[in-house]
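*Asks:* Can you read through this structure? Questions will come right after.
Protein chains in written order, with this note's numbering: chain A, 39 to 176; chain B, 181 to 318.
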């Protein structure tokens with residue numbers, strides 16, 4: 039039971055942060071990506087702030103042998119930079135730019151009770167399944 | 181220059197960074213939403229903590245809108261076919277790339293991963309190019 043509390047708290051903070059920051063607002067996201075037009079730079083503070091905090095905390099946490107609940111630390115896979123990574127990311131970026139949702143906001147958006155959001159999330163799951171859902175390893 | 185929405189973006193970003201810190205410190209896990217969500221659906225072990233995180237994500241967004249009165253965003257585009265196409269591209273892409281804005285863009289960059297830096301460069305430029313092209317056409 040106690041192993042479920044940190045993920046719940048982390049999820050709460052993440053969801054609150056996404057909604058507060060404007061990441062779940064497709065107007066803000068498309069405005070942020072429109073750097074050649076009427077650029078709305080606000081969302082740069084989201085990634086900037088998040089990376090800054092995690093950069094500091096990860097350094098500090100990495101001195102430990104195990105997590106506070108006793109789990110080993112999940113290590114980044116040591117695959118190189120391959121085609122799957124690059125083409126997959128390009129594919130993701132095109133979808134993000136077409137509609138304005140990356141996965142976290144897409145999940146949250148089902149709360150906004152719009153049909154298009156439900157279709158987006160269902161299609162996202164179908165896309166995951168097509169790519170690797172049947173043989174997922176991590 | 182910095183209005184209320186800039187500060188909300190920064191506060192949201194800091195919260196997301198703290199969320200990633202909590203999940204790493206207690207559970208030893210990377211706060212990558214696409215991976216957590218995909219594994220929750222398609223993988224049987226580890227489903228409980230992942231569902232706990234995703235449940236927290238939804239609840240956190242509800243709290244943000246309900247407690248501090250952040251307005252529920254309206255969609256920029258609501259075309260159902262666009263939602264399906266974009267959602268599929270996002271799901272397929274993040275699965276092939278093993279990560280999205282959170283896993284690569286926040287946690288990966290904070291771990292100074294070269295793979296994540298490459299992925300982030302790809303999805304950011306693809307998203308920016310997509311928005312620029314859509315704006316040319318519309």
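Positions of the beta carbon are idealized from the N, C-alpha and C atoms, including for glycine.
Please read these numbers as outputs of a predicted model, since none were measured by experiment.
1) Residue 131 (chain B) to residue 153 (chain A), Cα distance in whole Å?
2) Residue 359 (chain B) lies in the alpha helix (DSSP H); which residues open and close that run?
3) Closest to residue 143 (chain A) by C-alpha separation, out of B:271, B:309, B:223, B:291, would be which residue?
4) What is the DSSP secondary structure of residue 139 (chain A), counted as helix, strand or coil?
5) Since residue 212 (chain B) and residue 48 (chain A) should fall inside the 8 Å C-beta cutoff, what is the C-beta to C-beta distance between them, to a whole number of angstroms?
6) Going by CA-CA distance only, name the one from B:257, B:200, B:263 that's closest to residue 233 (chain B).
7) Inspect the beta-carbon positions of residue 241 (chain B) and residue 62 (chain A) and report whether they are closer than 8 Å.
8) Using the beta-carbon of each residue, which ones in chain B are nearer than 9 Å to residue 101 (chain A)?
9) At 4 residues or longer, what runs of the alpha helix (DSSP H) sit wholly inside the segment 201 to 266 of chain B?
10) Please report the residue range of the alpha helix (DSSP H) in which residue 101 (chain A) lies.
11) What residue range is occupied by the uninterrupted alpha helix (DSSP H) comprising residue 45 (chain A)?
12) For the segment 146 to 163 of chain A and the segment 269 to 286 of chain B, state whether three or more C-beta atom pairs, one from each stretch, are separated by less than 8 Å.
13) With burial defined as no fewer than 16 other Cβ atoms inside 10 Å of the residue's Cβ, what is the status of residue 75 (chain A): buried or exposed?
14) My understanding is that residue 73 (chain A) touches residue 308 (chain B), with C-beta atoms under 8 Å, so please give their C-beta distance in whole angstroms.
15) If we define contact as Cβ-Cβ less than 8 Å, is residue 195 (chain B) a contact residue for chain A?
16) With 8 Å as the threshold, decide whether the Cβ of residue 134 (chain A) is near any Cβ in chain B.
17) If we cut at 8 Å on Cβ distances, does residue 227 (chain B) have a partner in chain A?
18) Does the beta carbon of residue 299 (chain B) sit closer than 8 Å to a beta carbon anywhere in chain A?
19) On the premise that residue 128 (chain A) lies in contact with residue 302 (chain B), defined as a C-beta separation below 8 Å, what is that separation, rounded to the nearest angstrom?
20) For a contact meaning CB atoms closer than 9 Å, what does residue 220 (chain B) contact in chain A?
21) So, with DSSP's three-state summary, where would you put residue 117 (chain A)?
22) Relative to the C-alpha of residue 202 (chain B), which residue among A:56, A:125, A:157, A:91 is closest?
*Replies:* Let's see:
1) Outside the modelled stretch of chain B, which goes from 181 to 318, sits residue 131 (chain B), for which no answer is possible.
2) No answer is possible for residue 359 (chain B): the residues shown for chain B start at 181 and end at 318.
3) B:271
4) coil
5) With 8 Å as the limit, residue 212 (chain B) and residue 48 (chain A) do not qualify as a contact, their Cβ atoms being about 12 Å apart.
6) B:200
7) yes
8) Near residue 101 (chain A) there are no residues of chain B at all, since even the closest Cβ is about 11 Å away, more than 9 Å.
9) 213 to 222, 227 to 247
10) Premise fails: residue 101 (chain A) is in no alpha helix (DSSP H) and is neither H nor E.
11) 43 to 59
12) yes
13) exposed
14) 6 Å
15) yes
16) yes
17) no
18) yes
19) 5 Å
20) None at all; the shortest Cβ gap to chain A is about 10 Å.
21) coil
22) A:91
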